[in-house]
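Taken in sequence, the protein lines are chains A and B.
Here my numbering runs 434 ahead of the position in the first sequence, where the first position is 1.
Here my numbering runs 434 ahead of the position in the second sequence, where the first position is 1.
A quick write-up on the structure given underneath.
2 protein chains.
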Amino acid sequence: MWITKTIKKTQKILEKYRNKTIGFVPTMGALHEGHLSLIRRCVKENQFSVVSIFVNPIQFGRGEDFSSYPRPFKKDIELCKKEGVNLVFAPSYEEMYPDEFSVYVEEISLSKFLCGKFRPSHFKGVCTVVAKLFNIIRPRIAYFGQKDYQQAQIIKRMVDNLNFNIKIKVLPIVRDKDGLALSSRNWYLNPQERKQAVCLYESLKIAKKMIEDGEREAKKIIFGMKKTINKFNLAKIQYIEVADAYTLEPTPFIKKDVVIALAVFIGKARLIDNMLVKFKKKKIIFKL
Amino acid sequence: MWITKTIKKTQKILEKYRNKTIGFVPTMGALHEGHLSLIRRCVKENQFSVVSIFVNPIQFGRGEDFSSYPRPFKKDIELCKKEGVNLVFAPSYEEMYPDEFSVYVEEISLSKFLCGKFRPSHFKGVCTVVAKLFNIIRPRIAYFGQKDYQQAQIIKRMVDNLNFNIKIKVLPIVRDKDGLALSSRNWYLNPQERKQAVCLYESLKIAKKMIEDGEREAKKIIFGMKKTINKFNLAKIQYIEVADAYTLEPTPFIKKDVVIALAVFIGKARLIDNMLVKFKKKKIIFKL
Numbered sequence: 435m436w437i438t439k440t441i442k443k444t445q446k447i448l449e450k451y452r453n454k455t456i457g458f459v460p461t462m463g464a465l466h467e468g469h470l471s472l473i474r475r476c477v478k479e480n481q482f483s484v485v486s487i488f489v490n491p492i493q494f495g496r497g498e499d500f501s502s503y504p505r506p507f508k509k510d511i512e513l514c515k516k517e518g519v520n521l522v523f524a525p526s527y528e529e530m531y532p533d534e535f536s537v538y539v540e541e542i543s544l545s546k547f548l549c550g551k552f553r554p555s556h557f558k559g560v561c562t563v564v565a566k567l568f569n570i571i572r573p574r575i576a577y578f579g580q581k582d583y584q585q586a587q588i589i590k591r592m593v594d595n596l597n598f599n600i601k602i603k604v605l606p607i608v609r610d611k612d613g614l615a616l617s618s619r620n621w622y623l624n625p626q627e628r629k630q631a632v633c634l635y636e637s638l639k640i641a642k643k644m645i646e647d648g649e650r651e652a653k654k655i656i657f658g659m660k661k662t663i664n665k666f667n668l669a670k671i672q673y674i675e676v677a678d679a680y681t682l683e684p685t686p687f688i689k690k691d692v693v694i695a696l697a698v699f700i701g702k703a704r705l706i707d708n709m710l711v712k713f714k715k716k717k718i719i720f721k722l
Numbered sequence: 435m436w437i438t439k440t441i442k443k444t445q446k447i448l449e450k451y452r453n454k455t456i457g458f459v460p461t462m463g464a465l466h467e468g469h470l471s472l473i474r475r476c477v478k479e480n481q482f483s484v485v486s487i488f489v490n491p492i493q494f495g496r497g498e499d500f501s502s503y504p505r506p507f508k509k510d511i512e513l514c515k516k517e518g519v520n521l522v523f524a525p526s527y528e529e530m531y532p533d534e535f536s537v538y539v540e541e542i543s544l545s546k547f548l549c550g551k552f553r554p555s556h557f558k559g560v561c562t563v564v565a566k567l568f569n570i571i572r573p574r575i576a577y578f579g580q581k582d583y584q585q586a587q588i589i590k591r592m593v594d595n596l597n598f599n600i601k602i603k604v605l606p607i608v609r610d611k612d613g614l615a616l617s618s619r620n621w622y623l624n625p626q627e628r629k630q631a632v633c634l635y636e637s638l639k640i641a642k643k644m645i646e647d648g649e650r651e652a653k654k655i656i657f658g659m660k661k662t663i664n665k666f667n668l669a670k671i672q673y674i675e676v677a678d679a680y681t682l683e684p685t686p687f688i689k690k691d692v693v694i695a696l697a698v699f700i701g702k703a704r705l706i707d708n709m710l711v712k713f714k715k716k717k718i719i720f721k722l
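Spelled out as structure tokens, the structure:
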């Protein structure tokens, strides 16, 4: 397995494999089973698999957790090796953002909603780094997790709008035994917080139950979810929204495909989760 | 010569030529000898040459000349054919900007100066369309003209910052007999205006003379240029600036490489021109 720190070296190696199908999983490291599900699929579907590990400073806002974000680099490398990854690209900040850095990629429609409301330049940072990584790696397929549903939709939009010749695959959320969506930010939780972190999943289950029972009004579903979460004394809701699954606009009634998404602080950790609700021939399918 | 209107068809054709070196000249059509100098170099240096013809709506501001911009499509096609171009990509607006278009590429440093001051979203429109075209065509080399000096610098910055694997070549300004820089916007000039349009070049020649005579103060050089232009009664100066050749920041004294750039309205036509002043081993080189 190659481990590269510079763009030049990475491109030089990849030049030799341009006749192979290249798959790509961009990550910020601190790999968990969620990442590994993407990596496994990537290794399975491509002849050459690249994982990037880069904690992208420009997608963190002021006061967010850039400096405390976990960086267990050696362990990450071991995991990639074990999964059969061919190349890990782990650049420095200076390598990705040289002194004369002044070009950004911004999505301005989907980014306004959900997490975008509370993290105003987050998705601009995400789009910029992913555009860079796409140009450096030039994969055939790139893999993202449904846990970051909004991110995946924005990346799909970017690929479409800017004509990247890349297929985006979005794989299901991987959950812990109690239902907590895996996230590198779960590392921040102390044992007591960890127990209460299940409230996001619990609230989505309540929403699912309400929809199955015929409820279609977003307000009522959100109220039910809030009630569930407020039973957990360490939880502080940032938002709960029922949004159009494609435009991400808030939707008052569930008549077509929606995503129910939420962000909740558990102690200092800001956790997110979501559930897709899709209508297929009058049957409702839940993805959570 | 292929003429394509869709992205899909273009990519399908280019797939067959990926083993060849692909050169690219992006244009808005209304081709003149300036464009042709780029096209000729492209044809000479590459095994497969692509020219795009697309009047990019998002780089025009309100009240600018998007609708009146000349579109002599048949003549453009004939010129490309004659020069040995292999493929002309001439998409519709809908093809480039579908209904769900919400992703933009923006350069935020170089774009603040010179023309950027007066055309606030112009370079965002340029970067976005060029990023799209680069992803569609994926050339090895792309050719730009020095006449749009700021644009060329911004595109270079974009290629560097976003890690496009493309070499940018900037070729000299092509001028008419009297010195007027060729531009599709010269089409707007009536005979009287055409005569006076030479004032931009005349002012640059004055600047050159002053620098050769030892003048280094930007203010004085700009004053000399203004005086020259104000002798032409149809000319209305938008700006004249002496700027650092790389950061494009205004510079009060000419001590290192600078660009002297100006924009002047001649009737309704907004014309631009520039001169590079480079210091090489105590010798000064002028590119105009």
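Note that CB positions come from ideal geometry on N, CA and C, so glycine has one too.
Computed from a predicted structure; not experimentally measured.
Whose C-alpha, out of A:R553, A:S483, A:I719, A:I700, is nearest the C-alpha of V459 (chain A)?
A:S483
Buried or exposed for S501 (chain A), please, with buried defined as at least 16 other CB atoms from any protein chain shown within 10 angstroms of its CB.
exposed
Could you please give the first and the last residue of the uninterrupted alpha helix (DSSP H) stretch that includes N480 (chain A)?
Run containing N480 (chain A): none; DSSP gives neither H nor E here.
Quick one: does I441 (chain B) have its CB under 8 Å from some CB of chain A?
yes
Please state whether DSSP places V560 (chain B) in a helix, a strand or coil.
helix
Fully enclosed by the stretch 545-607 of chain B, which alpha helix (DSSP H) runs are 4 residues long or longer?
549-552, 556-571, 583-595
Candidates A:R574, A:V563, A:H556, A:C561: which alpha carbon is nearest L385 (chain A)'s?
As shown, chain A starts at 435 and ends at 722. That puts residue 385 (chain A) outside it, with no answer to give.
So is K528 (chain A) in contact with chain B if we call contact Cβ pairs under 8 Å?
Looking at the sequence provided, one finds Glu at residue 528 (chain A) rather than Lys. It does not: the Cβ of E528 (chain A) has no partner Cβ on chain B nearer than 8 Å.
For A695 (chain B), which three-state DSSP category applies?
strand
Name the chain A residues that come within less than 8 Å of L735 (chain B), Cβ to Cβ?
Shown here, chain B extends from 435 to 722; a query on residue 735 (chain B) therefore has no answer.
Please state if the CB of V563 (chain B) and the CB of V522 (chain B) are separated by a distance shorter than 8 Å.
no
By a C-beta neighbour count over all protein chains shown, 10 Å radius and 16 as the cutoff for buried, is Q481 (chain B) buried or exposed?
exposed
Between which two residues does the beta strand (DSSP E) harbouring Q672 (chain A) extend?
669-678
Could you tell me whether the Cβ atoms of K558 (chain B) and E529 (chain B) are closer together than 8 Å?
no
If you follow the alpha helix (DSSP H) that G727 (chain A) is in, where does it begin and where does it stop?
With chain A covering only 435 through 722, there is no way to say anything about residue 727 (chain A).
Nearest candidate by alpha-carbon position, reference I719 (chain B), set B:V693, B:D707, B:R591
B:V693
Out of curiosity, what's the CA-to-CA distance linking K660 (chain B) and Y635 (chain B)?
12 Å
Where the stretch 577-594 of chain B meets chain A: residues whose CB sits under 7 Å from a CB there
R591, M592
Under 8 Å by beta carbon: chain D residues contacting K566 (chain A)
This model lacks chain D altogether, as its protein chains are A and B.
Would you say N569 (chain B) faces chain A, with C-beta separation under 8 Å as the test?
yes
Looking only at C-alpha atoms, which of A:K643, A:T440, A:L548 sits nearest to A524 (chain A)?
A:T440
Put I688 (chain B) into one of helix, strand or coil per three-state DSSP.
coil
Grab me the residues of R553 (chain B)'s own chain with a C-beta within less than 7 Å of its C-beta, minus the 5 sequence neighbours each way, in chain order.
G495
Of the residues A:G579, A:V593, A:I640, A:R591, the one placed nearest L616 (chain A), counting alpha carbons only:
A:G579
Within chain B, the residues that V692 (chain A) reaches when beta carbons sit closer than 7 Å:
By Cβ distance, chain B contributes nothing, its closest Cβ being about 18 Å from V692 (chain A), past 7 Å.
Contact with chain B by Q445 (chain A), beta-carbon distance below 8 Å
yes
What residue range does the beta strand (DSSP E) around E627 (chain A) cover?
Here E627 (chain A) belongs to no beta strand (DSSP E); instead the alpha helix (DSSP H) covers 625-630.
Return the chain-ordered list of same chain residues with a C-beta closer than 7 Å to the C-beta of I700 (chain B), the five sequence neighbours on each side being excluded.
L623, E627, Q630, A631, L668, A669
Along chain B, which residues have their Cβ under 7 Å away from the Cβ of V539 (chain A)?
V537, V539
Out of curiosity, what's the CA-to-CA distance linking V477 (chain A) and C514 (chain A)?
10 Å
If we count Cβ pairs, one from each stretch, closer than 8 Å, do we get three or more for the stretch 646-655 of chain B versus the stretch 681-696 of chain B?
yes
Of the listed residues B:K454, B:I511, B:K702, nearest to W436 (chain B) (C-alpha basis)
B:I511
To the nearest angstrom, how far is it from the Cα of E646 (chain A) to the Cα of P684 (chain A)?
20 Å
Cβ neighbour criterion (16 or more within 10 Å) applied to Y577 (chain A)
buried
Measure the C-alpha to C-alpha separation of R591 (chain A) and A677 (chain A) and round it to an integer number of angstroms.
17 Å
Is it the case that the stretch 603-620 of chain B contacts the stretch 705-717 of chain B, given that we only count it when at least three CB pairs across the two stretches are under 8 Å?
yes
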